[in-house]
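So the structure is just underneath, and the comments pick up after that.
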Amino acid sequence: MNFKKIFFIFRLLSTIFIITPILAKDIIYTLDSDISQDWTLQIDINKVLTENLSLKGKIEDPKILIIYSHPNKKYLNSKIGTTGTIIDIGYELEYLLEKDYGVGVYHHIITNQPARYDAYELIAQEVKKILSYNPSIEVIIDLSIADGLKSSSYMMHGQEIVDVSLVNGLSLNEHTGELGIHSLFPNHYVQTNLAFSTQMYGLEDSIISDIYITDFRHSLHLTPKSLLVNFGNVQDDFDIVVDTVPLFVENLAAILELEKQEIK
37 MNFKKIFFIF
47 RLLSTIFIIT
57 PILAKDIIYT
67 LDSDISQDWT
77 LQIDINKVLT
87 ENLSLKGKIE
97 DPKILIIYSH
107 PNKKYLNSKI
117 GTTGTIIDIG
127 YELEYLLEKD
137 YGVGVYHHII
147 TNQPARYDAY
157 ELIAQEVKKI
167 LSYNPSIEVI
177 IDLSIADGLK
187 SSSYMMHGQE
197 IVDVSLVNGL
207 SLNEHTGELG
217 IHSLFPNHYV
227 QTNLAFSTQM
237 YGLEDSIISD
247 IYITDFRHSL
257 HLTPKSLLVN
267 FGNVQDDFDI
277 VVDTVPLFVE
287 NLAAILELEK
297 QEIK
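The opening position of the sequence shown corresponds to residue 37 in the working numbering, with each subsequent residue numbered one higher.
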């Protein structure tokens, strides 16, 4: 099928809708209040919807880097023997990716990162060092916990899970509105970042509930295939968050075209 321009875009208040048969469901972007430029005119939407994001080379090499820009937030009711923070979710993510799909994971664990706005720039310095020694890494996943006043949990196919959302940063130039070339915080990977989030959201059994579009690049400028993931919020029960991880891994594996390992 020729997928050229098989989509329709319209905007309603702070939301952009992409109506398309290319993915299993239509796409909804929720815009931050400071996003005023019509940035979708600068994006190749067809490429966002169809770009091949599969991993290349030997998957047993380090391919996925798990990081934390804000590692200190906690969930409710954490188990004995766990920190109750997003780092425990990273451990589960690492375990399932390696066990079920045989993919190499580099897990960068840091527990003393300050809860400051420049935390993204601080972690970027660490990531650049890691990438220089591990050029096989293709994917960066920055795990975080959203703020919240009540639990985000809901039922999906008979299982209670938490809300999982993705964040994208456009790095709009502050003078021209041009995509990705903010004078201080550029992001040359905006389009592939957006393709990653969009295709995750567009899966038939996706657990991604929202894609938030902001101006700030966060940690998304370090490699094209980068995700900033809000895994539940601070009011969510820790056990339910852990139960959500396998579904997220299945979504991720579908986009990266990972094959499940045979049980021997």
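Using N, Cα and C, we set each Cβ at its ideal position, and we do this for glycine too.
Query: DSSP state of Val-281 mapped onto helix, strand, coil; Result: helix
Query: Residue span of the alpha helix (DSSP H) that contains Glu-130, given as start and end; Result: 122-137
Query: Option nearest Ser-245 by Cα separation, candidates Ile-63, Glu-87, Ile-276; Result: Ile-63
Query: Nearest-angstrom Cβ-Cβ length linking Gly-180 and Ile-122, presumed shorter than 8 Å; Result: Looking at the sequence provided, one finds Ser at residue 180 rather than Gly. About 6 Å separates the two Cβ atoms, so the contact holds.
Query: Cβ neighbour criterion (16 or more within 10 Å) applied to Ser-233; Result: buried
Query: Exposure of Thr-56, with buried meaning 16 or more beta-carbon neighbours within 10 Å; Result: buried
Query: Burial state of Asn-376 (16 or more Cβ within 10 Å); Result: The displayed coordinates of the chain run from 37 to 300. Any statement about residue 376 would go beyond what the structure contains.
Query: Contact set for Val-278: own chain, Cβ-Cβ below 8 Å, skip 5 residues either direction; Result: Asp-124, Ile-125, Glu-128
Query: First and last residue of the uninterrupted alpha helix (DSSP H) at Gln-78; Result: Premise fails: Gln-78 is in no alpha helix (DSSP H) and is neither H nor E.
Query: Start-end ranges of the alpha helix (DSSP H) lying completely within the segment 238-294, minimum 4 residues; Result: 274-292
Query: DSSP three-state assignment for Lys-83, whether helix, strand or coil; Result: helix
Query: Three or more C-beta pairs below 8 Å linking the segment 93-105 and the segment 131-144; Result: yes
Query: Sequence-distant residues of its chain with Cβ nearer than 8 Å to Ser-255 (five each side left out); Result: Ile-103, Ser-105, Tyr-156, Ile-159, Ala-160, Val-163, Ile-176, Asp-178, Ser-262, Leu-264
Query: Proximity winner among Lys-186, Thr-76, Ile-247, Asn-223, relative to Gln-271 (alpha-carbon distances); Result: Lys-186
Query: Assigned exposure category for Met-192 - 16 Cβ within 10 Å defines buried; Result: exposed
Query: Short Cβ contact (8 Å threshold) for Ser-301 with Glu-293; Result: Because the chain here runs from 37 to 300, residue 301 falls outside it and cannot be looked at.
Query: Contact under 8 Å by Cβ, Ile-276 with Val-198; Result: yes
Query: Simplified DSSP assignment, three categories, for Gln-161; Result: helix
Query: Counted within 10 angstroms of its Cβ, other Cβ atoms place Gln-297 as buried (16 or more) or exposed; Result: exposed
Query: Helix, strand or coil at Tyr-169 according to DSSP, with G and I counted as helix; Result: helix
Query: Cβ-based burial, Ser-168 [other Cβ within 10 Å; buried from 16]; Result: exposed
Query: Coarse secondary structure for Thr-51, derived from DSSP in three states; Result: strand
Query: Where the beta strand (DSSP E) containing Thr-66 begins and where it ends; Result: 63-67
Query: In DSSP terms, what Lys-110 is bridged to; Result: Thr-121
Query: Pick from Met-236, His-257, Glu-240 that is closest to Leu-220, judged by C-alpha positions; Result: His-257
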